[in-house]
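These notes concern the structure reproduced below.
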Amino acid sequence: MLDLWYSEYHTDDVKFSIKTTRHLYSEQTPFQKIDFFESETYGTFFTIDGLVMVTQRDEFAYHDMICHVPMAVNPDIKRVLIIGGGDGGTAREVCRYKGVTHIDLVDIDERVVRLCQKYLPQTACALDRDERISMHFMDGFKFVKEAPDGAYDLILVDSTDPIGPGEGLFTMEFYENCYRALSDCGILINQHESPFYDNYNHEMLRAHAKIKRTFPIAKVYQFHMPTYPSGLWLFGFASKKLDPIADFKRERWEALGLKTKYYNTDLHCAAFALPTYVKEKLDNVR
Ligand code: SAM
Numbered sequence: 015m016l017d018l019w020y021s022e023y024h025t026d027d028v029k030f031s032i033k034t035t036r037h038l039y040s041e042q043t044p045f046q047k048i049d050f051f052e053s054e055t056y057g058t059f060f061t062i063d064g065l066v067m068v069t070q071r072d073e074f075a076y077h078d079m080i081c082h083v084p085m086a087v088n089p090d091i092k093r094v095l096i097i098g099g100g101d102g103g104t105a106r107e108v109c110r111y112k113g114v115t116h117i118d119l120v121d122i123d124e125r126v127v128r129l130c131q132k133y134l135p136q137t138a139c140a141l142d143r144d145e146r147i148s149m150h151f152m153d154g155f156k157f158v159k160e161a162p163d164g165a166y167d168l169i170l171v172d173s174t175d176p177i178g179p180g181e182g183l184f185t186m187e188f189y190e191n192c193y194r195a196l197s198d199c200g201i202l203i204n205q206h207e208s209p210f211y212d213n214y215n216h217e218m219l220r221a222h223a224k225i226k227r228t229f230p231i232a233k234v235y236q237f238h239m240p241t242y243p244s245g246l247w248l249f250g251f252a253s254k255k256l257d258p259i260a261d262f263k264r265e266r267w268e269a270l271g272l273k274t275k276y277y278n279t280d281l282h283c284a285a286f287a288l289p290t291y292v293k294e295k296l297d298n299v300r
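When you line the sequence shown up against this note's numbering, it's residues 15 to 300, in that order.
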């Protein structure tokens with residue numbers, strides 16, 4: 015029996031492979047190529063332009079950490095903007111907060127949403143069930159540019175890497191528009207790449223330099239993401255005045271009684287403690 019392997023180059027000479035049991039579906043959309051696979055260890059997973067986006071096995075780590083860290087700093091968050099996140103996992107976690115009144119989900123490619131609703135209901139389950147979600151299929155860069163001042167308490171940038179359609183979501187103008195579209199207690203969380211391999215490290219530093227110039231508070235936190243390059247992945251936490259640790263509402267969050275598989279209130283603080291080599295890179299970035 016022929017073994018079929020999905021392989022992704024993490025660098026020119028480092029490859030990550032998953033043995034697949036089925037190649038479920040493939041589609042070239044006007045924006046990107048989307049492929050769905052089945053595997054023993056990671057369950058169903060999908061790739062965009064050959065890069066792993068979401069797997070059934072480890073999506074909990076990413077979606078816990080993009081959502082619960084900011085929500086535990088400001089449990090009064092009501093209006094949320096999710097940019098990207100077409101798989102629905104981020105929206106699923108945000109919907110668990112009864113205090114959230116409205117979620118705009120802006121993904122450039124409607125096909126990601128529709129295909130995840132078909133092949134990955136584990137993450138897409140809230141998208142057509144929670145009336146607080148309003149979906150917009152357009153460029154997140156343009157959506158934020160046109161958003162009113164102070165329109166959101168939380169912006170979650172759950173985008174692909176800064177190549178192809180995701181590139182605009184890593185620009186100074188984008189971050190400045192996010193700043194303007196956030197309320198006074200507003201928080202921006204962005205997919206902040208990774209420090210380990212040079213190509214991803216370069217993008218991490220470029221994003222951090224711009225966010226540091228735009229927001230008075232600009233921190234970075236880490237989590238373990240097995241299927242992303244090197245497994246060490248980062249989110250950026252930026253805000254106008256809330257510090258992720260000094261303003262952390264541990265008791266209020268715990269009183270919500272939310273069951274999580276990756277996030278917990280001890281990890282909330284620990285995630286902002288970074289390896290020395292990462293701290294030095296981020297502290298020195300201009
Ligand atoms: N968690 C994944 C990661 O970290 O790579 C990303 C999840 S989600 C699949 C990424 C989404 O970003 C895709 O659905 C893609 O269509 C969307 N996207 C890319 N560029 C975009 C843009 N300029 N505006 C809105 N959505 C965009």
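The beta-carbon is built from N, C-alpha and C at its ideal position, and this holds for glycine as well.
Treat the numbers as computed from the prediction; the structure is a model and nothing was measured.
Distance, residue j Cα to residue i Cα
{"i": "MET239", "j": "LYS295", "result": "21 Å"}
{"i": "LYS159", "j": "ASN215", "result": "27 Å"}
{"i": "LEU43", "j": "PHE60", "result": "The sequence shown places Thr at residue 43, rather than the Leu named in the question. Each residue's Cα considered, the two are about 14 Å apart."}
{"i": "LEU18", "j": "LYS273", "result": "36 Å"}
{"i": "TYR291", "j": "THR115", "result": "40 Å"}
{"i": "ARG125", "j": "GLU145", "result": "20 Å"}
{"i": "LYS47", "j": "ILE201", "result": "31 Å"}
{"i": "MET186", "j": "TYR166", "result": "19 Å"}
{"i": "LEU288", "j": "SER53", "result": "32 Å"}
{"i": "THR55", "j": "LYS255", "result": "42 Å"}
{"i": "VAL234", "j": "GLU190", "result": "18 Å"}
{"i": "PHE50", "j": "LEU129", "result": "9 Å"}
{"i": "ASP101", "j": "VAL127", "result": "6 Å"}
{"i": "PHE188", "j": "PHE30", "result": "32 Å"}
{"i": "LYS263", "j": "ARG220", "result": "31 Å"}
Cβ-heavy atom distance, residue i to the ligand SAM, below 7 Å
{"i": "LEU183", "result": "yes"}
{"i": "PRO243", "result": "no"}
{"i": "GLY57", "result": "no"}
{"i": "TYR189", "result": "no"}
{"i": "PHE155", "result": "yes"}
{"i": "GLN131", "result": "no"}
{"i": "GLN70", "result": "no"}
{"i": "TYR76", "result": "yes"}
{"i": "PRO176", "result": "no"}
{"i": "PHE45", "result": "yes"}
Closest by C-alpha distance to residue i, when choosing among the options
{"i": "GLU107", "options": "GLU124, GLU22, TYR242, PRO84", "result": "PRO84"}
{"i": "THR241", "options": "GLY57, ASP163, ARG36", "result": "GLY57"}
{"i": "CYS192", "options": "PHE151, PHE251, MET218", "result": "PHE251"}
{"i": "ALA75", "options": "LEU281, PHE45, LYS293", "result": "LEU281"}
{"i": "THR35", "options": "LEU168, MET15, VAL87", "result": "MET15"}
N- and C-terminal bounds of the alpha helix (DSSP H) containing residue i
{"i": "MET218", "result": "212-228"}
{"i": "CYS306", "result": "In the structure displayed, the chain extends from 15 to 300; residue 306 sits before or after that span and is not available."}
{"i": "ASP280", "result": "279-284"}
{"i": "PHE155", "result": "154-159"}
Endpoints, the beta strand (DSSP E) within which residue i is located
{"i": "GLY250", "result": "246-253"}
{"i": "GLU22", "result": "18-25"}
{"i": "TYR166", "result": "166-172"}
{"i": "ALA269", "result": "Careful: ALA269 lies outside any beta strand (DSSP E), inside the alpha helix (DSSP H) at 264-269."}
Enumerated in chain order, which unbroken segments of the beta strand (DSSP E) with a length of 3 residues or greater are wholly contained in the segment 34-119?
Scanning the segment 34-119 from its first residue to its last, the whole beta strand (DSSP E) runs of 3-plus residues come out as 47-53, 57-62, 65-69, 93-98.
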